[in-house]
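S.K.: Residue numbers (the working numbering): -3 to 422.
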Amino acid sequence: MQRIMFFYNAAGVMPLFTNYYKNILRLWEKIRLKNSQSQTTENSGVDEPLFRNRMQQPDIVSELFLPMGHATWENGHFSLKKEKEVMAQAETKISGVRFQAADPSGENQEAERQCQQDVLNLIQSLIQLRKTSAFSNIVLSEDILKNSQSVSQLGTRVKFGLYVEPKFAHETHAAAECHRNIVQAVRKSGFVVDSPKTFEPKTGMAGLSQWANELQLHRRKMPLWLLLLPLFLLLLFLLRDCSPPSLFVPIETQSFIILMDKSSSMEAHFPMVQEEARKTLESMKSSFFSTHYANVIAYHASATTALGEIKEINNETAQQLIQFLDNLKAGGGTHLRSGIQLAAKEVAAHQKPTTLIILTDGQDASLDQILQERNAILKQFKGVDIIVHTLTPRVFDVENPKPINNIESKLNELAKAFNGQFGEVK
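1) Please name the residue, chosen from Q110, L410 and L317, that lies closest to Q365 on a Cα-to-Cα basis.
2) I'd like to know whether the C-beta atoms of L125 and S205 end up nearer to each other than 8 Å.
3) Tell me whether Q417 sits in a helix, a strand or coil according to DSSP, three-state version.
4) Contact between the region 167 to 178 and the region 189 to 201 is defined here as three or more beta-carbon pairs at a separation below 8 Å; is this criterion met?
5) Name the two residues that bound the continuous beta strand (DSSP E) containing D114.
6) With a 10 Å radius around its C-beta and 16 neighbouring C-beta atoms as the bar for buried, classify M64 as buried or exposed.
7) What residue from G419, A302 and A107 has the CA that sits closest to R453's CA?
8) Verify whether the separation of the beta carbon atoms of N177 and L136 is less than 8 Å.
9) Let me confirm a value: L230 is counted as buried when at least 16 other C-beta atoms fall within 10 Å, else exposed. Which label applies?
10) Could you tell me the alpha carbon to alpha carbon distance between Q112 and D55, rounded to whole angstroms?
11) Give me, in chain order, the residues of the same chain whose beta-carbon lies closer than 6 Å to that of E59; leave out the 5 immediate sequence neighbours on both sides.
12) State the CB to CB distance for the pair V326 and S260, rounded to an integer number of angstroms; the pair is presumed to be in contact (CB under 8 Å).
13) Helix, strand or coil for H214 per DSSP?
14) Going by DSSP, which residues form a beta bridge with R94?
15) Select from E161, K412 and Y289 the residue whose C-alpha is nearest the C-alpha of V42.
16) Taking the C-alpha atoms as reference points, what is the distance between F228 and Q368?
17) Could you pull out every unbroken alpha helix (DSSP H) segment of at least 4 residues lying fully inside the region 355 to 413, listed in chain order?
18) Mapping the DSSP letters down to three states, classify S137 as helix, strand or coil.
19) For H214, which of H166, R183 and I306 has the nearest alpha-carbon?
20) Could you give the distance in angstroms between the alpha-carbon of W311 and the alpha-carbon of D257?
21) Where DSSP assigns a beta bridge to N291, which residues make up the other side?
22) Rounded to the nearest angstrom, what separates T37 and H296 at their Cα positions?
23) What does the Cβ neighbour count give for S251, buried or exposed, with the cut at 16 atoms within 10 Å?
24) For the putative contact between G157 and L255, defined by C-beta atoms under 8 Å, what is the C-beta separation to the nearest angstrom?
25) Hey, how far is the Cα of E404 from the Cα of R390?
26) How is the alpha helix (DSSP H) around V179 delimited, first residue to last?
27) Drop a sphere of 10 angstroms on the beta-carbon of N415, count the other beta-carbons inside from all chains shown, and report buried for 16 or more, exposed for fewer.
28) List the endpoints of the continuous alpha helix (DSSP H) containing F47.
29) Among the candidates V189, N408 and P267, whose CA atom is the shortest distance from the CA of V380?
30) List the endpoints of the continuous beta strand (DSSP E) containing E70.
31) Going by the DSSP bridge assignment, what does H73 pair with across the sheet?
32) Since T313 is in the beta strand (DSSP E), which residue starts that stretch and which ends it?
33) With distance defined between alpha-carbon atoms, name the residue in E138, L118 and K193 nearest to L374.
34) Just to confirm my understanding: we take H265, look at its own chain, exclude 5 residues before and 5 after, and list those with CB closer than 7 Å. What are they?
35) Where does the unbroken beta strand (DSSP E) through A299 begin, and where does it stop?
36) Go ahead and label E308 buried or exposed: buried means 16 or more other beta carbons lie within 10 angstroms of its beta carbon, across all protein chains shown.
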């Protein structure tokens, strides 16, 4: 009887013990989750649980942004997790912003309207997200997820990352940054903005919505990879001896201008740059297999042009450029604005998309003015697409150069403002 009672009591106690154990596990899991969320918020500066909840609301088109299950906040950026398998799992062909070329004939406007609607939904979702005080300084980031293959012959889909920074609480700054990153994503997807050509940040997010509503894209020509950089300067991206080049510089347009700082502060680098540029041009006379156009503009307080205009590269123009480079002397102050103004006149007359490559040490008081007057400067190019890359002599001798000081950071900011980048162009 006692043995029977013992088993009876044990049968009653065990469920109680099991329930107690489960409750302990649940409590521990809540503590762990809370600590994890607290740590995430601390690391990113963003209330991630609040963010994820907000993204689930019906006024946000969440499928246009990086997928919640594969992205996280870190250091103020909402970006994909680092694991390789995440990229493959996150990719989709049924969601994301549709970047699609408009029909040149105008007969079928469906692709154009789909693109406009997706970009508009992206911006409107961001506007709604910014209404939450915790996310009033959130903007689109450079982090995107692009399909490795086109969704259709018309285009591809892209999902956008986000990031937060105090200055973007100001709507003008936020609109400018979002516009820049949308245009950059368009280019990465193989397209160019056909219209509207410019955007005025002072119009804010409402103006950006209107810009999206009128957006038209066309396919970008395949980038032209040059085995030897025409003319000048950028042999410094190649091996310094006669062996075959180990680095290549892509010029995304068939036309380009080198803007060369010839101020006195560049004097220490100038003879080497002249010689390398001259040898590069000599070796390139027979290197072209299609038509390309180029010019060199040298600037200090004022600017001078080698050819007077952007011309087709042949033996005659190549020799003229070599002679121009050989005769240059360093001296005077630095005023990039004068070089850009002269380049704008030549590009506007040339009427072909052009890459500007700026070589300078960056000791230039006009950089801030150029950034402030970006839209006015773009208008001087008369609607012709341009890309601006910036370089300093320092980056020629380093691998994967990044800005290391305020001057190079300012040059990086300048390049990004005109769809380019600082340092080695990959």
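All residues carry an ideal CB built from backbone N, CA and C; glycine is no exception.
M.R.: Taking the geometry as given:
1) L410
2) no
3) coil
4) yes
5) Taken as a continuous stretch (DSSP letters only), D114 belongs to no beta strand (DSSP E), being part of the alpha helix (DSSP H) at E106 to R126.
6) exposed
7) As displayed, the chain neither begins before -3 nor continues past 422, which places residue 453 out of reach and without an answer.
8) yes
9) With a pLDDT of 49 at L230, under the threshold of 50, the modelled position of this residue cannot be trusted; read the value that follows with caution. Buried.
10) 18 Å
11) S91
12) According to the sequence as given, residue 326 is Ala; it is not Val. Contact flag correct, Cβ pair sits at about 6 Å.
13) strand
14) R153
15) E161
16) Confidence in F228 is poor, its pLDDT being 47 and thus under 50, which makes the residue's placement too unreliable to answer from.
17) 363 to 368, 370 to 376 and 402 to 413
18) strand
19) R183
20) Reading off the sequence, residue 311 comes out as Asn, not Trp. Computed Cα separation, rounded: 25 Å.
21) I253
22) At T37 the pLDDT is 45, less than 50, meaning the model places this residue with poor confidence and gives no usable figure here.
23) buried
24) Actually they do not touch by this definition, with Cβ atoms about 32 Å apart.
25) 10 Å
26) E167 to K184
27) buried
28) E44 to M51
29) V189
30) A67 to E70
31) E70 and Y159
32) Careful: T313 lies outside any beta strand (DSSP E), inside the alpha helix (DSSP H) at N311 to N323.
33) K193
34) P389
35) A299 to T301
36) exposed
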